[in-house]
Amino acid sequence: MARLLILADMLTITQALYDQLVAHARADHPDEACGMVAGPAGTGRPERFIPMLNAARSPTFYEFDSQDLLKLYRDLDDRDEEPVIVYHSHTATEAYPSRTDVTYANEPGAHYVLVSTADTDGAGEFQFRSYRIVDGVITEEDVRVVEAY
Numbered sequence: 028m029a030r031l032l033i034l035a036d037m038l039t040i041t042q043a044l045y046d047q048l049v050a051h052a053r054a055d056h057p058d059e060a061c062g063m064v065a066g067p068a069g070t071g072r073p074e075r076f077i078p079m080l081n082a083a084r085s086p087t088f089y090e091f092d093s094q095d096l097l098k099l100y101r102d103l104d105d106r107d108e109e110p111v112i113v114y115h116s117h118t119a120t121e122a123y124p125s126r127t128d129v130t131y132a133n134e135p136g137a138h139y140v141l142v143s144t145a146d147t148d149g150a151g152e153f154q155f156r157s158y159r160i161v162d163g164v165i166t167e168e169d170v171r172v173v174e175a176y
């Protein structure tokens, strides 16, 4: 059965999840941080923060460990969840998807969040931006932070 894919033009995220994504980016600086936020299938609501290990351990590139990713997708299936946010950090550039990021964007229903810790040593100002990446097309979207859903 085909599923209708409806993309919102805004990411709505709780303050707690927002803070967790930023904290992970800062903690892994100067390497890129990466992970997902899962939500109940079909809702588009980010709920469960899932930090992942950057298998590349690089300040300019991230890579999910293939075994960890396989376990994660099995867990998502068991919980009837889906990836709502796929996130990573940029440590030396702005929070905008690179060509590599676009190539790896294989979840057309997900929000792709980038947190930039460039020029901050991981502790100061940061950028938090969200995008939709579908068929190689990048569309930035607004981010709304709420206390609760």
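For the sequence shown, my numbering assigns the number 28 to the initial residue and increments by one for each residue that follows. Every residue gets a Cβ at the ideal spot worked out from N, C-alpha and C, and that includes glycine.
Per the DSSP secondary-structure output, E174 pairs with nothing in a beta bridge. Under the DSSP assignment, S116 falls in the beta strand (DSSP E) whose first and last residues are 108-117. Here L80 carries a coil assignment [DSSP, helix/strand/coil]. Note on G163: under 16 other CB atoms within 10 angstroms of its CB, so exposed under the neighbour-count rule.
Less than 8 Å divides the Cβ of S116 from the Cβ of T144. Taking 8 Å as the cut-off, the Cβ atoms of G69 and H51 do not count as close. In the three-state reduction of the DSSP assignment, R72 falls in the coil class.
Excluding five sequence positions before and after V49, the CB atoms of its chain that fall closer than 7 Å to its own CB belong to V142, F153, F155, given in chain order.
DSSP, read as helix, strand or coil, puts T87 in coil.
Leaving aside the five residues that flank L44 on each side, the residues in its chain whose CB is nearer than 7 Å to its CB run, in chain order, V64, P73, F76. Straight-line measurement puts the Cα of P124 at about 14 Å from the Cα of I112.
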